[in-house]
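Structure first, then comments.
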Amino acid sequence: MELQGKTAVITGGASGIGLATARQLATSGVNLVLGDIEAAPLHEAVESLRASGANVIGLLGDVAKEADVFALRDAAVSEFGTAHIVFNNAGVGAGPAIGTPKKVWDWVMGVNVDGVINGINAFVPMFLEQNEGHVVNTGSLAGLGGVPGMGAYCASKFAVVGISECLFHELLLSGKNVGVSALCPGFVRTRIHESHRNMPDELKSYNETPTTKAISDFAAKAVNSGIDVTEVAIAVENAIRTNTFWILTHEHSAIRTTEQRAAWMQGGPPPGIDLSRATKG
Ligand SMILES: NC(=O)c1ccc[n+]([C@@H]2O[C@H](COP(=O)([O-])OP(=O)(O)OC[C@H]3O[C@@H](n4cnc5c(N)ncnc54)[C@H](O)[C@@H]3O)[C@@H](O)[C@H]2O)c1
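Residue numbers for the sequence shown follow the working numbering, so the first one is 32 and each next one is one higher.
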């Protein structure tokens with residue numbers, strides 16, 4: 032896709048990977064619609080992008096709510112005429128497979144999976160109709176292999192990878208000029224380890240248990256030794272330009288994880304878990 036003058040909608044656009052990608056696309060002349068659930072960072076992101084000359088609007092909303100994601104599409108249409116790119120990127124992390132209350136699972140699945148489903152339903156029909164568009168869904172290395180302490184997160188990211196693969200095949204069969212990419216990073220320096228800031232109030236006490244605290248301390252260390260967001264943003268932009276499905280910012284870890292799973296399926300040992308390998312690639 033030639034990017035100059037196109038319009039991208041980015042969820043989770045007020046922080047981390049979403050904001051860095053907004054900055055990257057703005058330098059290529061892309062109009063932006065940023066969606067986020069956090070008002071102050073969203074306002075700040077929009078103001079700073081505008082100050083750098085970008086055409087950008089921001090919309091407060093929750094990606095788990097269908098109407099809020101359709102509102103992003105409607106805002107893109109009324110402000111910029113249409114949208115060409117949707118980056119279904121908002122995400123949160125919490126919850127080992129053992130002992131996580133169902134309501135916490137629901138929150139993680141609501142943001143990470145329903146958010147992607149809502150983005151596909153809101154934008155793909157319009158992309159097919161105009162015979163132009165690209166979807167980027169944010170998965171994770173945690174969508175390619177199971178990780179202890181990350182049950183709900185892994186479940187949601189496996190779902191995102193699966194949905195993205197299905198969408199790839201359906202788009203290919205449609206014969207239209209609409210593509211999809213699955214972004215599967217390892218650790219990236221963002222605020223993902225502070226996801227509980229966006230937890231519904233009634234779930235926040237869950238985050239105070241010794242187990243969840245230990246997991247969050249570990250996640251904070253891993254995230255803080257991860258790669259810079261700009262590296263991810265450049266990879267996302269390149270994938271949109273070249274219509275590339277896999278965006279593997281930590282390619283070595285992604286391939287190794289996948290090979291180890293395949294060997295395990297064929298009777299080999301279960302993969303060893305060394306999360307420090309997922310920091311730099
Ligand atoms: N940082 C990493 O190491 C890493 C690794 C793999 C995948 N990811 C994924 O990257 C994506 C972006 O996360 P990040 O690392 O930039 O973290 P981040 O916390 O810096 O940014 C996430 C953004 O999503 C927003 N958000 C949260 N819940 C929302 C909701 N219900 N509706 C709308 N917006 C909401 C947050 O307010 C925040 O601005 C997520 O899907 C995450 O799972 C991150």
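The C-beta atom is built at its ideal place from N, Cα and C for all residues, glycine as well.
**Request:** Kindly confirm or deny that the segment 152-160 and the segment 133-144 touch, where touching means at least three C-beta pairs closer than 8 Å.
**Result:** Taking a contact to require three or more Cβ pairs closer than 8 Å, the segment 152-160 and the segment 133-144 do not qualify as touching.
**Prompt:** Buried or exposed: which applies to Gly89, given that a residue is buried once 16 or more other Cβ atoms fall within 10 Å of its Cβ?
**Reply:** Translated into positions along the sequence shown, residue 89 becomes position 58. Of the other Cβ atoms in all chains shown, 16 or more fall within 10 Å of the Cβ of Gly89; this residue is therefore buried.
**Prompt:** CA-CA distance, Leu65 and Gly210?
**Reply:** Counted from its first residue, the sequence shown places residue 65 at position 34. Counted from its first residue, the sequence shown places residue 210 at position 179. Within the model, the alpha-carbon separation for Leu65 versus Gly210 is close to 21 Å.
**Message:** Assuming contact is defined by CB atoms lying nearer than 8 Å, are Arg220 and Val254 in contact in what I supplied?
**Reply:** Working through the sequence shown from its first residue, we reach residue 220 at position 189. Working through the sequence shown from its first residue, we reach residue 254 at position 223. Contact: yes.
**Message:** Between the alpha carbons of Ile41 and Val167, how many angstroms are there, rounded?
**Reply:** The count along the sequence shown starts at 1 and reaches residue 41 at position 10. The count along the sequence shown starts at 1 and reaches residue 167 at position 136. Taking the Cα positions, Ile41 is about 9 Å away from Val167.
**Message:** Which residue wins for smallest C-alpha separation from Asp314, given the options Glu262, Met230 and His224?
**Reply:** The structure shown has nothing for residue 314, since the chain only spans 32 to 312.
**Request:** Take Lys188 as the anchor and find which of Ser236, Ala173, Phe199 and Ser284 has the nearest alpha-carbon.
**Result:** Along the sequence shown, read from residue 1 onward, the residue named residue 188 stands at position 157. Checking every option, the nearest Cα to that of Lys188 belongs to Ala173.
**Prompt:** Is the closest heavy atom of ligand 1 to the C-beta of Pro231 under 7 Å?
**Reply:** Residue mapping note: residue 231 aligns to position 200 of the sequence shown, counting from 1. For ligand 1, not one heavy atom lies less than 7 Å from the Cβ of Pro231.
**Prompt:** Is Ala213 helix, strand or coil by DSSP?
**Reply:** As a working note, residue 213 is residue 182 in the sequence shown. Residue state, collapsed to three classes: strand.
**Request:** To the nearest angstrom, report how far apart Glu233 and Gln297 are at their CA atoms.
**Result:** As a first step, residue 233 must be located in the sequence shown, where it is residue number 202. As a first step, residue 297 must be located in the sequence shown, where it is residue number 266. When rounded, the distance between both Cα atoms is 44 Å.
**Asked** With respect to the alpha helix (DSSP H) encompassing His227, which residues constitute its N-terminal and C-terminal limits?
**Response** Within the sequence shown, numbered from 1, the residue matching residue 227 stands at position 196. No alpha helix (DSSP H) contains His227, which DSSP labels as neither H nor E.
**Item:** Residue environment, Phe218, which counts as buried when at least 16 other CB atoms sit within 10 Å
**Value:** Stepping through the sequence shown from its first residue, residue 218 is reached at position 187. The residue is buried, with at least 16 neighbouring Cβ atoms inside 10 Å.
**Request:** Locate the alpha helix (DSSP H) running through Ala173, then write down its first and last residues.
**Result:** Taking the first residue of the sequence shown as 1, we reach residue 173 at position 142. Boundaries for Ala173: no alpha helix (DSSP H) harbours it, and the DSSP string shows neither H nor E there.
**Asked** Taking just the CA atoms, how far does Val77 sit from Leu34?
**Response** Along the sequence shown, one-based indexing puts residue 34 at 3. Along the sequence shown, one-based indexing puts residue 77 at 46. Cα to Cα, Leu34 sits roughly 20 Å from Val77.
**Message:** Pull the bridge partners of Ile373 from the DSSP assignment, please.
**Reply:** Look at the range of the chain in this structure, 32 to 312, and you will see that residue 373 is not part of it.
**Message:** If we require 4 or more residues per run, which alpha helix (DSSP H) segments fall completely within the segment 83-139?
**Reply:** DSSP runs (the alpha helix (DSSP H)) wholly in the segment 83-139: 97-111.
**Prompt:** How would you label Phe276, buried or exposed, when you count the other beta carbons within 10 angstroms and need 16 or more for buried?
**Reply:** Residue numbering aside, residue 276 sits at position 245 when the sequence shown is read from its first letter. For Phe276, the number of other beta carbons within 10 angstroms of its own is below 16, and it is reported as exposed.
**Request:** Find the nearest neighbour of Pro241 within the set Leu279, Val267, Val139 and Pro127, judged by alpha-carbon distance.
**Result:** Locating residue 241 in the sequence shown gives position 210, where the first residue counts as 1. Closest option to Pro241, Cα to Cα, is Pro127.
**Asked** Apart from the five residues just before and just after Ser205, which ones in its own chain have a Cβ nearer than 8 Å to its Cβ?
**Response** Within the sequence shown, residue 205 is the residue found at index 174, counting from 1. The residues are Leu159.
**Message:** When you compare the CB positions of Trp138 and Pro231, do they come within less than 8 Å of one another, or not?
**Reply:** As a working note, residue 138 is residue 107 in the sequence shown. As a working note, residue 231 is residue 200 in the sequence shown. In contact: Trp138 and Pro231 (Cβ atoms closer than 8 Å).
**Prompt:** When the Cβ atoms of the segment 184-204 are set against those of the segment 253-267, are three or more pairs found closer than 8 Å?
**Reply:** The count of Cβ pairs closer than 8 Å, one atom from the segment 184-204 and one from the segment 253-267, stays below three, leaving the stretches out of contact.
**Request:** Taking only heavy atoms of ligand 1 into account, decide whether any of them is closer than 7 Å to the Cβ of Asn143.
**Result:** To locate residue 143, count along the sequence shown from 1; it is residue 112. Using a cutoff of 7 Å, the CB of Asn143 counts as near ligand 1, since one of the ligand's heavy atoms is closer than that.
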